[in-house]
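Novice:
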Amino acid sequence: MTPPPAIILGLDPGLGTTGWGVIAVEGNRLRHVANGQIKTEPSMPLPRRLANLHAALYDVIRQQQPDGAAVEEVLGNSNAQSTLKLGQARGIVLLSAAQAGLIVGEYHPSIVKKATVGTGGADKKQVQAMVGHLLPGVKLTGPDAADALAVAITHAHHLASARAMERRNSAI
């Protein structure tokens with residue numbers, strides 16, 4: 001009997017826009033399930049924006065019922081205030097997944113790019129194109145959703161590699 005597909009939620013955190021993407025993993029095949037972007041209003045106070053992000057993520061997780069999640073790590077930049085706000089949004093993303101009982105994989109952006117495009121220096125357009133190639137028929141809601149799907153694809157590859165290593169080690 002074939003096991004049911006594993007459902008993976010990929011997340012690309014951002015305070016202004018958080019991308020999310022859901023894939024189903026069936027053996028060595030990946031299938032697009034859904035994707036979207038959660039936007040917060042810049043004119044709102046920071047605590048309200050974070051609360052809105054948390055509520056929207058709760059809804060996505062409740063609707064999609066993922067088995068696991070993967071989150072892109074944050075890169076700092078020269079604007080300390082922007083980096084701090086991005087880190088706060090990432091904290092909400094991690095909290096939302098943890099509260100749902102999901103095991104969360106975390107991946108550096110260069111690892112995500114290498115896993116999807118083949119090079120850690122790929123740009124956003126290359127990532128979007130490869131996500132479209134790996135998930136035929138996908139209709140992307142935006143670049144942040146494409147990045148989130150790339151994170152989910154990376155996690156699927158990581159899990160497949162870990163399972164292969166387990167099988168190899170148990171055969172020895």
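Per this note's numbering, the sequence shown runs over residues 1 to 172.
Heads up, the beta-carbon is just placed ideally off N, CA and C, and yes, glycines get one too.
#1: What does the Cβ neighbour count give for residue 23, buried or exposed, with the cut at 16 atoms within 10 Å?
#2: Three-state secondary structure (DSSP) at residue 140?
#3: Looking only at its own chain, which residues have a Cβ that is under 8 Å from the Cβ of residue 85, when we skip the five neighbours before and after it?
#4: Name the one or two DSSP bridge partners that residue 29 has.
#5: In its own chain, which residues sit with a C-beta less than 7 Å from the C-beta of residue 52, not counting the 5 before and 5 after it?
#6: Identify every run of the alpha helix (DSSP H) within the segment 68-103, keeping only runs that are complete inside it and at least 4 residues long; order them along the chain.
#7: At what residues does the beta strand (DSSP E) containing residue 6 begin and finish?
#8: Any idea which residues DSSP pairs residue 39 with across the strands?
Specialist: Concretely, from the data shown:
#1: With 16 or more other Cβ atoms from the protein chains shown falling within 10 Å of its own Cβ, residue 23 counts as buried.
#2: Taken through DSSP and simplified to helix, strand or coil, residue 140 comes out as coil.
#3: The answer, listed in chain order, is 15 and 46.
#4: Residue 29 is bridged to 26.
#5: Cβ neighbours of residue 52 beyond the five flanking positions: 40.
#6: Counting whole runs of 4 or more residues, the segment 68-103 contains the alpha helix (DSSP H) stretches 80-99.
#7: Judged by DSSP secondary structure, residue 6 falls within the beta strand (DSSP E) whose first and last residues are 6-12.
#8: Bridge pairing for residue 39: 17 [DSSP].
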